[in-house]
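Shown next, in structure tokens, is the structure this report addresses.
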Amino acid sequence: MKSYGKHALWVLLCLFLPVTAQAAELQLTSPSGVVSVYQTDELLSHPQARDIVVANDGGYGQDMTYRAVPLAAVIGDASAVDDQTGLEVIALDGFVANIPVPLVLRDRDEGAQAWLAIEPEASPWPNLPGKNVSAGPFSVVWIDGPASNIRSEQWPYQVAKIGYAEFPTARWPQLALAEDATENAKHGKTIFIDQCFACHRMNGAGITELGPDLNLPMNPVEYFMPDALFMLIRDPATVRHWPEMQMHGFTDDQLSDGEIHDVIAYLTAMASR
Ligand code: HEC
């Protein structure tokens, strides 16, 4: 092939690449440790696959329609896992969500239902707001999520692996507060694990690779002015801004002012530990 021919081929490739999503693989580990790998097409043709409408989708911030399977249908027999174990959902960028198993197994009338949305190769999803990638290839979404207080970080997108793991508090003693910690700090610890631990380690605890450890080597309460730390958690871009920044802000619905103060109380209590 002459070089201009190669060039033309590249131009053609570049023209066509963006309109189809990549075929992707999802790694699922059962409670007994059996690892299975599913392809996009296998999941799309799963007997329980449906078209679902997700109101107020956590990733896109708007109503979305997906081809999806109930999460409970693909995670093996979760009924026997003990109450110290949850689902660990790991995204391509190193985000790690921990989702309690009972939330995934409950019936429709008991609250929000978790589904695994599958991005079809032929009709890719739109890019996420402010990002140049979609929520695919797989994403955990909830029907009636906001109504059932499903936390914003319990909507992991760009999912690569789903398995089981002991809850963070049972797995990592270094998350623990001192016995005499305040109620605010204790509440802040719960919020930290739901809303921050997906991207931040604490005292070396955690497996996420996205954001900095929030106690080692230093805790942000030791180098941020209190107001600036509050503002940074509410909306990092009000404190500093650059194109590749990864931490998003939290709306009042996702994290109230009181909850942010409680998270800061947890950070403050951990600074001496
Ligand atoms: C989606 C991932 C994500 C979540 C969720 C998240 N963060 Fe972050 N955070 C980051 C990343 C990544 C950085 C590094 C700066 C950047 O890229 O935005 C960061 C930076 C920070 C910093 C600044 C640290 C420094 O030394 O510069 C603080 C403080 C912080 N986060 C606190 C929190 C708290 C508290 C929560 C929970 C309420 C939280 N973050 C939730 C990803 C996240």
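Mind the numbering: the sequence shown is residues -23 to -1, 1 to 250 in mature numbering (1 follows the signal peptide of the UniProt record, and there is no 0), read in order.
Backbone N, C-alpha and C define an ideal beta-carbon position, used for all residues, glycine too.
Please say whether residue j and residue i have beta carbons closer to each other than 7 Å?
{"i": "Val240", "j": "Ile168", "result": "yes"}
{"i": "Thr42", "j": "Val51", "result": "no"}
{"i": "Gln151", "j": "Asn180", "result": "yes"}
{"i": "Gln223", "j": "Ser129", "result": "no"}
{"i": "Gln131", "j": "Ile76", "result": "yes"}
{"i": "His177", "j": "Gly165", "result": "no"}
{"i": "Leu69", "j": "Ala137", "result": "yes"}
{"i": "Gly226", "j": "Asp212", "result": "yes"}
{"i": "Asp28", "j": "Arg44", "result": "yes"}
If residue i sits next to residue j, beta carbons under 8 Å apart, how far is it from one beta carbon to the other, in whole angstroms?
{"i": "Val81", "j": "Ala91", "result": "5 Å"}
{"i": "Ala246", "j": "Ala175", "result": "21 Å between Cβ atoms; not a contact."}
{"i": "Phe201", "j": "Ile237", "result": "Wrong, their Cβ atoms sit about 13 Å apart, outside the cutoff."}
{"i": "Val58", "j": "Pro8", "result": "5 Å"}
{"i": "Ala205", "j": "Val216", "result": "6 Å"}
{"i": "Ala182", "j": "Trp149", "result": "3 Å"}
{"i": "Tyr37", "j": "Ala112", "result": "7 Å"}
{"i": "Ile170", "j": "Thr146", "result": "7 Å"}
{"i": "Gln39", "j": "Phe144", "result": "That pair is no contact at about 32 Å."}
Taking the alpha carbon of residue i as the point to measure from, which residue in the options has its own alpha carbon closest?
{"i": "Pro97", "options": "Gly36, Pro47, Ala26 and Trp149", "result": "Ala26"}
{"i": "Leu5", "options": "Gly38, Arg85, Gly140 and Pro114", "result": "Gly140"}
{"i": "Leu154", "options": "His225, Phe115 and Arg250", "result": "Arg250"}
{"i": "Trp119", "options": "Tyr15, Glu160 and Arg85", "result": "Arg85"}
{"i": "Asn33", "options": "Leu64, Asp70 and Ala124", "result": "Ala124"}
{"i": "Ser100", "options": "Gly188, Val46, Cys173 and Leu21", "result": "Leu21"}
{"i": "Ser56", "options": "Asp40, Arg83, Arg44 and Gly71", "result": "Arg83"}
{"i": "Val66", "options": "Pro133, Phe144, Asp229 and Arg217", "result": "Pro133"}
{"i": "Gly53", "options": "Arg44, Gly10, Gly88 and His23", "result": "Gly10"}
{"i": "Glu87", "options": "Phe72, Leu105, Gly122 and Glu199", "result": "Gly122"}
{"i": "Ala157", "options": "Ser13, Ala147, Asp60 and Tyr243", "result": "In the sequence under discussion, the amino acid at residue 157 is Asp, which differs from the Ala named in the question. Checked all of Ser13, Ala147, Asp60 and Tyr243; the closest Cα to Asp157 is Tyr243."}
{"i": "Phe72", "options": "Val110, Asn104 and Cys173", "result": "Cys173"}
If you measure from the beta carbon of residue i to each beta carbon in chain B, is any gap under 7 Å?
{"i": "Asn180", "result": "No chain B appears in this structure, which consists of one protein chain only."}
Should residue i be counted as a contact of the ligand NAP given a C-beta to heavy atom distance under 6 Å?
{"i": "Ala175", "result": "The ligand NAP is not among the ligands present in this structure, which contains only the ligand HEC."}
Which runs of the beta strand (DSSP E), 3 residues or longer, sit entirely within the segment 106 to 141?
-> 115 to 120
Please specify which runs of the alpha helix (DSSP H), each continuous and at least 4 residues long, are wholly inside the segment 151 to 224, giving them in chain order.
-> 160 to 172 and 203 to 211
3-residue-minimum beta strand (DSSP E) runs that sit fully inside the segment 76 to 100, ordered along the chain = Listed in chain order, they are 90 to 95.
Let me know the alpha helix (DSSP H) ranges lying completely inside the segment 11 to 40, each 4 residues or longer, listed in chain order.
-> 17 to 21
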